[in-house]
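Q: My structure is below; once you've seen it, I'll send some questions.
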Amino acid sequence: MDATQALRHYFGYESFRGEQERVIRASLRGRDVVAVLPTGAGKSVCFQIPAVVRRGLTVVVSPLVSLIEDQVSGARRRGIAAFGWTQTTPRTRVTAALNAAGRRELDLLYLSPERLSLDGVCERLAELGLSALAVDEAHCISQWGFSFRPSYLGLRTARERLGWPPTAALTATATWRVRRDIERALRLRNTVRILASGNRPNLRWEVRRVQSPGEAWGLIERAVTSSREPAIVYARTRKRSARLALELTRRGVSAGVYHARLPHDRRQVTQERFLSGALRVVCATTAFGMGIDHPGVRLVAHLGAPESLEEYVQEAGRAGRDGAPAGCLLADISSRRRRPWRPGRQDPGGKSPDAAELERRAGMRSYVETRGCRREAIARYFGERTPRCTGCDNCFPGEPGPRRA
996 MDATQALRHY FGYESFRGEQ ERVIRASLRG RDVVAVLPTG AGKSVCFQIP AVVRRGLTVV
1056 VSPLVSLIED QVSGARRRGI AAFGWTQTTP RTRVTAALNA AGRRELDLLY LSPERLSLDG
1116 VCERLAELGL SALAVDEAHC ISQWGFSFRP SYLGLRTARE RLGWPPTAAL TATATWRVRR
1176 DIERALRLRN TVRILASGNR PNLRWEVRRV QSPGEAWGLI ERAVTSSREP AIVYARTRKR
1236 SARLALELTR RGVSAGVYHA RLPHDRRQVT QERFLSGALR VVCATTAFGM GIDHPGVRLV
1296 AHLGAPESLE EYVQEAGRAG RDGAPAGCLL ADISSRRRRP WRPGRQDPGG KSPDAAELER
1356 RAGMRSYVET RGCRREAIAR YFGERTPRCT GCDNCFPGEP GPRRA
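Taking my numbering, the leading residue of the sequence shown gets 996, the next gets one more, and so forth.
Take a look at the structure:
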């Protein structure tokens, strides 16, 4: 079975989208690949298709349990043999999965960088004859590796222990510096770089500057209640997410809450109800951010600006994955105190992570404060050509939400 046949068999599509085929062909040739593809471009296809064509084990490094669960569930629905190895996975199930991999009956094994770094894990996987390694949401190497998730910087050692398998690193958001961090941290060789424009013409970008959390709450409530379409609201804390979900429920909106501290079964139910339409709105922290594949989300609203433009674009990119008009609304609380920066370690490229973090924060503030085109501000930050604006509040003033996308 070749790549196109696998796409038709497992996904039901006749042809690849965008740069998917280039990524897949390079991977099947055994090349190391860095691919920057826009949100909603189907990045998982880029490592799932090679996995089923090769018929050997592909290990996928993923940052969040919720993302692992979502990807494994989706792969299994399509008939792809996939397994997620997380902290709560029973040892008996792990043993059974690894035995299946040894018999070439497992295509994809998802796990976190922390799990991969545990003693003996790489050695056991290497014994199975690993075919490839994929790093999903690879921007996390640069964004988190220098602070609270140093295991991301240990992926170079992991690759060596795994026998230097062909590696694909995929993300939707990466500046030139982040791409450099990814290549150096993974020690990629003779890399194929596939960089697609991140511009999403169907999205309308809007920022509203407010003076207090109460004003921000009111703005987002009005945006959500003025429509009956699916929406995601991101808040910076679990408490704010829960409170907003409660307030929306009181107003007759079917809203749920999602964050990392909730029990796994409750998070799973919330995600399933949202995807099925039983819930119209999910109020979430970043735990809900990556990998949620609901094509019909018409509004993504943020209660307060994230720390970086990468983070914001990743989360806002949950909107409009079906290609229809959708809105990205940011309620920026001008009076909110910024979290103090704590010095970290030096990155693989020799650049101070203090400066790198400040650069990311400056990009976010530039987007919020610009009086020019917001689409242009995003493109400029990621080093892309400036697209023609098809919808932002500065170029096309209007009400919050996706009306003018």
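Positions of the beta carbon are idealized from the N, C-alpha and C atoms, including for glycine.
For Ala1311, I'd like the list of residues in its chain whose CB is within less than 6 Å of its CB, leaving aside the five on either flank, ordered along the chain.
A: Within the sequence shown, numbered from 1, the residue matching residue 1311 stands at position 316. Excluding sequence neighbours, Ala1311 sits near Val1295, Cys1323.
Q: Output needed for Ala1133: all residues of its chain with C-beta closer than 7 Å, excluding positions within five of it in sequence on either side, in chain order.
A: Residue mapping note: residue 1133 aligns to position 138 of the sequence shown, counting from 1. These residues qualify, in order along the chain: Ala1164, Leu1165, Thr1166, Ile1177.
Q: Can you tell me which of the three DSSP states Ile1075 falls into?
A: Position 80 of the sequence shown, counted from the start, is the residue given in the question as residue 1075. In the structure shown, Ile1075 sits in coil (DSSP, three-state: anything other than H, G, I, E or B).
Q: Tell me the rounded alpha-carbon separation between Ile1136 and Glu1352.
A: Within the sequence shown, residue 1136 is the residue found at index 141, counting from 1. Within the sequence shown, residue 1352 is the residue found at index 357, counting from 1. Cα to Cα, the separation comes out at about 13 Å.
Q: In the DSSP assignment, what are the bridge partners of Arg1088?
A: Residue numbering aside, residue 1088 sits at position 93 when the sequence shown is read from its first letter. For Arg1088, DSSP records no beta bridge to any residue.
Q: Look at Arg1151 and Ala1180 and say whether their C-beta atoms are less than 7 Å apart.
A: Residue mapping note: residue 1151 aligns to position 156 of the sequence shown, counting from 1. Residue mapping note: residue 1180 aligns to position 185 of the sequence shown, counting from 1. In contact: Arg1151 and Ala1180 (Cβ atoms closer than 7 Å).
Q: If contacts are defined as beta-carbon pairs under 8 Å, then Ser1249 and Leu1270 qualify, I think. What distance do you get, rounded to the angstrom?
A: By 1-based counting over the sequence shown, the position of residue 1249 is 254. By 1-based counting over the sequence shown, the position of residue 1270 is 275. The distance from the Cβ of Ser1249 to that of Leu1270 is about 13 Å, inconsistent with a contact at the 8 Å cut-off.
Q: Can you name, in chain order, every residue of its own chain whose Cβ lies under 7 Å from the Cβ of Gly1074, other than the five neighbours on each side?
A: In the sequence shown, counting from the first residue as 1, residue 1074 sits at position 79. So the qualifying residues of the chain are Tyr1005.
Q: Leu1113: buried (16+ other C-beta within 10 angstroms of its C-beta) or exposed?
A: The residue labelled residue 1113 in the question sits at position 118 within the sequence shown. Leu1113 is exposed by the Cβ-count criterion.
Q: State the DSSP-derived secondary structure class of Tyr1008, mapped to helix, strand or coil.
A: Numbered from its first residue, the sequence shown carries residue 1008 at position 13. If DSSP states are grouped into helix, strand and coil, Tyr1008 belongs with coil.
Q: Starting from the Cα of Pro1033, find the closest Cα among Leu1190, Trp1080, Gly1140 and give me that residue.
A: Residue mapping note: residue 1033 aligns to position 38 of the sequence shown, counting from 1. That would be Leu1190, whose Cα lies nearest to the Cα of Pro1033.
Q: If you run the structure through DSSP and keep just helix, strand and coil, what is Thr1083?
A: Residue numbering aside, residue 1083 sits at position 88 when the sequence shown is read from its first letter. Reduced to three states, the DSSP call for Thr1083 is coil.
Q: Do you know offhand how far Pro1058's Cα is from Ser1329's?
A: Position 63 of the sequence shown, counting from 1, holds the residue named residue 1058. Position 334 of the sequence shown, counting from 1, holds the residue named residue 1329. Pro1058 and Ser1329: Cα-Cα distance of roughly 31 Å.
Q: Which residues bound the alpha helix (DSSP H) around Cys1323?
A: By one-based count along the sequence shown, residue 1323 stands at place 328. It is not in any alpha helix (DSSP H) - Cys1323 instead sits in the beta strand (DSSP E) that spans 1321 to 1328.
Q: Would you say Glu1379 touches the ligand GDP, meaning its beta carbon is less than 6 Å from a heavy atom?
A: As for the ligand GDP, it is missing from this structure, which has no ligand bound.
Q: Can you give me the C-alpha to C-alpha distance between Arg1110 and Glu1118, rounded to a whole angstrom?
A: Looking up residue 1110 in the sequence shown gives position 115. Looking up residue 1118 in the sequence shown gives position 123. Answer to the nearest angstrom: the Cα atoms are 13 Å apart.
Q: How big is the Cα-Cα spacing for Arg1144 and Pro1108?
A: As a first step, residue 1144 is located in the sequence shown; it is residue number 149 there, counting from the start. As a first step, residue 1108 is located in the sequence shown; it is residue number 113 there, counting from the start. If I take the Cα positions, the gap works out to 8 Å.
Q: For His961, list the residues DSSP reports as bridge partners.
A: Because residue 961 is not part of the residues shown, which for the chain are 996 to 1400, the question remains open.
Q: From the DSSP output, read off the bridge partner residues of Cys1278.
A: On the sequence shown, position 283 is the one that residue 1278 refers to. Paired residue(s): Val1228, Val1252.
Q: Look up Thr1381 in the DSSP assignment and say whether it is helix, strand or coil.
A: Here residue 1381 corresponds to residue number 386 of the sequence shown, with the count starting at 1. Note: Thr1381 maps to coil in three-state DSSP.
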